[in-house]
Each structure stands twice: as C-alpha cells, then as structure tokens.
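Here is the structure we will look at.
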Amino acid sequence: MMIALISDVHGNLEALQAVLDEAGGADAVYCCGDVVGYGPNPNECCQLLRQCGVQTVKGNHDNTCAMMEDMEPCSSMARQSFHWTHERLTAENIEWLLSLPLRMDVDGMSLVHGCPGTPYEMLNTYVLDYFYSDKQYEELLGRVSGDRLVLGHTHIPLSHGLNSKVINPGSLGQPRDGNWRPSYAIVEDIRYSFSFVHNARASFSMLKDRVEFRRVEYDRERTAAKIEREPGLPDKLAHILR
Numbered sequence: 436m437m438i439a440l441i442s443d444v445h446g447n448l449e450a451l452q453a454v455l456d457e458a459g460g461a462d463a464v465y466c467c468g469d470v471v472g473y474g475p476n477p478n479e480c481c482q483l484l485r486q487c488g489v490q491t492v493k494g495n496h497d498n499t500c501a502m503m504e505d506m507e508p509c510s511s512m513a514r515q516s517f518h519w520t521h522e523r524l525t526a527e528n529i530e531w532l533l534s535l536p537l538r539m540d541v542d543g544m545s546l547v548h549g550c551p552g553t554p555y556e557m558l559n560t561y562v563l564d565y566f567y568s569d570k571q572y573e574e575l576l577g578r579v580s581g582d583r584l585v586l587g588h589t590h591i592p593l594s595h596g597l598n599s600k601v602i603n604p605g606s607l608g609q610p611r612d613g614n615w616r617p618s619y620a621i622v623e624d625i626r627y628s629f630s631f632v633h634n635a636r637a638s639f640s641m642l643k644d645r646v647e648f649r650r651v652e653y654d655r656e657r658t659a660a661k662i663e664r665e666p667g668l669p670d671k672l673a674h675i676l677r
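Sequential numbering from 436 applies to the sequence shown in the working numbering.
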C-alpha cells in the first residue's frame, strides 16, 4: 500500500494540483490541515480536495478563516489573509472546513495539524517543543494511538525517531525550509524476501514500510501573480513564493 501525506496547502492551487498529479498512484492521500489562508485560491483548493476524496484534519488557518473567532496573536500579514479568505469562502466550503476533525486515526497513523492533545494544541502547538528531552518525547508518543504520528504546521519536512515515528510532510503552499518547491511524503509498504541454504532450504518474507520525501515543480509565478492582483492580500505573500 502506498499513502501520500500532504499539509499546509494554504490556498495554493497550482502547488496542490502538481502534487496530486504526481501522487496519483497512491492508494490514499491524507492532509494535515491548513487548506486555506495566505494563498489566492481557497475555494478551489477546498473543492479539489473534496473531489479527490482526500481525508483532511482541521488546521488553525482553516478554523480561523471559517469562524473569524478566537484569532491567535498573529502578524498583520496573517490577519489580512484571514479576513480576505473569509470574505471569499463559499458557505459550502466554510461548512466543510468547520466539519473537519481535529484528529484522525487511520491506517496505523494518528494525524493532527499541530500536536496531539487538547483542541488548542491540535490546532496551534508546534511539535518541536516536545523534542528537547526524552521525557517530553515519550509524553508525546503516549498521546498517539497508532504506530506513527503525522502532523503539519511548521512548513518544514521532518522525520523523527526510530522508523520515522513522527513525520511532517512539509508544506505544499508555502515551504519554509529554503526550498520553494512543494514538499510531501510517501509511506509505502515494501516486502523483503530472504532465502537461506544451509543443510535445509528456508525462505521468509518481511513487510516493512518506507518513508520518502518528495518535491515537485509548479508554476509559482502564476500563483504569485494572482496574489499581487488581489489588493486585500499583502504582496509579501507573493515574494515568499519566489
């Protein structure tokens, strides 16, 4: 089985389409939230994920853009984006964003946007805060029901722990690791076969999964130009993509 993991789309339709096209051979695609916010195509990204049957958890931008309540302290750029996005979201897509679960346990994985825990933590907390000590890390893993924790929020690809116990696929719409190309992850079951000949012949096979991070090319200039044409979106959001 091959699973594609995506996160932090942020209204970037061109990046989302490019990743879904490349990951078309996956048996399932799961999204760790922040479908909207920052980017110029919030409705189109919601609709594409829904049409493709991508199971998605709610991110902090999804929650804020849909409700315009409980806005965390944020930059003026983010605040402008929240208002612009909320004004353009259709009632149907607002309803869909609000219906998204905060956590999803599927295929042996626990998916959240921020960090497993309280509703606030699942939306807003950065998981890196739990990597400073073994005690904190063990506490984090104690909150996970599956074999693996998958999350987003940081916009930086991450594989942490034995057998990639914690995975962050990075960001599609606004990477923050110095590489502008959208990042996503593939988790694939690989069957290894072994044969031995010593007095008697014996063979066995072992199923193990492999985690691979991938990058794709897309027309970022088109996305940036859309942002620049919208007076309600800060030009800085276009510069970030370049």
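Each residue gets a CB set at the ideal place from its N, CA and C atoms; glycine is no exception. All figures in this text were calculated on a predicted structure; none of them were measured in a lab.
Query, Result
"Got a sec, what are the start and stop residues for the beta strand (DSSP E) D540 sits in?", "R538 to V541"
"Helix, strand or coil for R616, going by three-state DSSP, please let me know.", "coil"
"Using CA atoms only, rank isn't needed, just tell me which of H548, D670 and R677 is closest to S708.", "Within the shown structure, residues of the chain are numbered from 436 to 677, placing residue 708 beyond reach of any answer."
"Given a cut-off of 8 Å on the beta-carbon distance, is the pair S580 and S545 in contact?", "yes"
"If I follow the unbroken alpha helix (DSSP H) through S511, where does it start and stop?", "S511 to R523"
"Which stretch, first to last residue, makes up the alpha helix (DSSP H) that contains M436?", "Looking at the DSSP string, M436 is not in any alpha helix (DSSP H), and its letter there is neither H nor E."
"Buried or exposed for Q571, please, with buried defined as at least 16 other CB atoms from any protein chain shown within 10 angstroms of its CB.", "exposed"
"Between C467 and L586, which are expected to be in contact by the criterion C-beta below 8 Å, what is the C-beta distance as a whole number of angstroms?", "6 Å"
"Check for me: the beta strand (DSSP E) holding C466 runs from which residue to which?", "A463 to C466"
"In angstroms with no decimal places, state the Cα-to-Cα distance between C550 and R664.", "35 Å"
"Using the DSSP secondary-structure output, state which residues sit across from H595 in a beta bridge.", "V601"
"So is H588 buried or exposed if we call it buried at 16+ other beta carbons inside 10 Å?", "buried"
"What's the call for M503, buried or exposed, on a 16-neighbour Cβ count within 10 Å?", "exposed"
"How would you call L533, buried or exposed, if buried means at least 16 neighbouring beta carbons within 10 angstroms?", "exposed"
"Could you pull out every residue in the same chain whose Cβ sits closer than 6 Å to the Cβ of A453, ignoring the five residues on either side in sequence?", "V651 and Y653"
"A463 and D734 - do their beta-carbons sit closer together than 8 Å?", "Lying before the first or after the last residue shown, residue 734 is absent from the chain, which here runs from 436 to 677."
"Which residue comes first and which comes last in the alpha helix (DSSP H) that contains M544?", "M544 -> not in any alpha helix (DSSP H); beta strand (DSSP E) instead, spanning M544 to V547."
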